[in-house]
Amino acid sequence: MRISDLLRNKGAAVATVSPETNVTDLLERLAEHNVGALVVVDAEGEIVGIVSERDVVRRLNERGPQLLDGSVAGIMTKLVASCTPEDSVDQLSVLMTERRIRHVPVLVDGRLAGIVSIGDVVKTRMEQLEKSQEQLEAYISQG
1 MRISDLLRNK
11 GAAVATVSPE
21 TNVTDLLERL
31 AEHNVGALVV
41 VDAEGEIVGI
51 VSERDVVRRL
61 NERGPQLLDG
71 SVAGIMTKLV
81 ASCTPEDSVD
91 QLSVLMTERR
101 IRHVPVLVDG
111 RLAGIVSIGD
121 VVKTRMEQLE
131 KSQEQLEAYI
141 SQG
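Mapping the sequence shown onto UniProt numbering, position 17 (from 1) lands on 17, and the numbers just tick up by one.
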């Protein structure tokens, strides 16, 4: 299965935030969209980072409550792993496991076209396993 198939099933909407957004507003947006990470884009729509709940918690532990008044630019991950719609879910699983990341933006010609979470990957895997099980059961019952 390709990332394009996964996006077709889940949708390609991506919540974004600017680097200047303060952390309190970031938390509101994460809750509003019920997501664990937002892609950070500049005024031209270029990806400049990604910021997750994990980033907030770790930096909050390091810096204390004043972090909430700071900007997303101060806590975001700047080196963003990405994939394309042509990549396979298997390839993405390996990337997520090796890099220990949970959210990967999908790029088409360098532009943001979607985002895939570890939950999306697990859901896809479960659906594939269920389909295989149904096929095996049908094959055995015909035999």
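By construction, the Cβ of each residue, glycine as well, lies at the ideal position given by its N, Cα and C atoms. Remember, predicted model here, so these are calculated numbers, not experimental data.
Coarse secondary structure for residue i, derived from DSSP in three states
i, result
"leucine 92", "helix"
"leucine 61", "It is asparagine, not leucine, that sits at residue 61 in the sequence shown. Note: asparagine 61 maps to helix in three-state DSSP."
"asparagine 9", "helix"
"leucine 136", "helix"
"serine 141", "helix"
"isoleucine 3", "helix"
"isoleucine 75", "coil"
"glycine 114", "strand"
"valine 104", "strand"
Buried versus exposed call for residue i [16 or more other C-beta atoms within 10 Å across all chains shown]
i, result
"glycine 114", "buried"
"serine 52", "buried"
"proline 105", "buried"
"methionine 126", "exposed"
"valine 39", "buried"
"histidine 103", "buried"
Pairwise C-alpha distance: residue j and residue i
i, j, result
"leucine 92", "glycine 70", "32 Å"
"proline 19", "proline 85", "26 Å"
"lysine 78", "glutamine 128", "33 Å"
"valine 72", "alanine 12", "23 Å"
"leucine 30", "arginine 59", "16 Å"
"arginine 100", "glutamine 142", "43 Å"
"residue 146", "arginine 54", "It is not possible to answer for residue 146, since the shown part of the chain is limited to 1 through 143."
Beta-bridge pairing of residue i - partner residues as DSSP gives them
i, result
"alanine 37", "Ser52"
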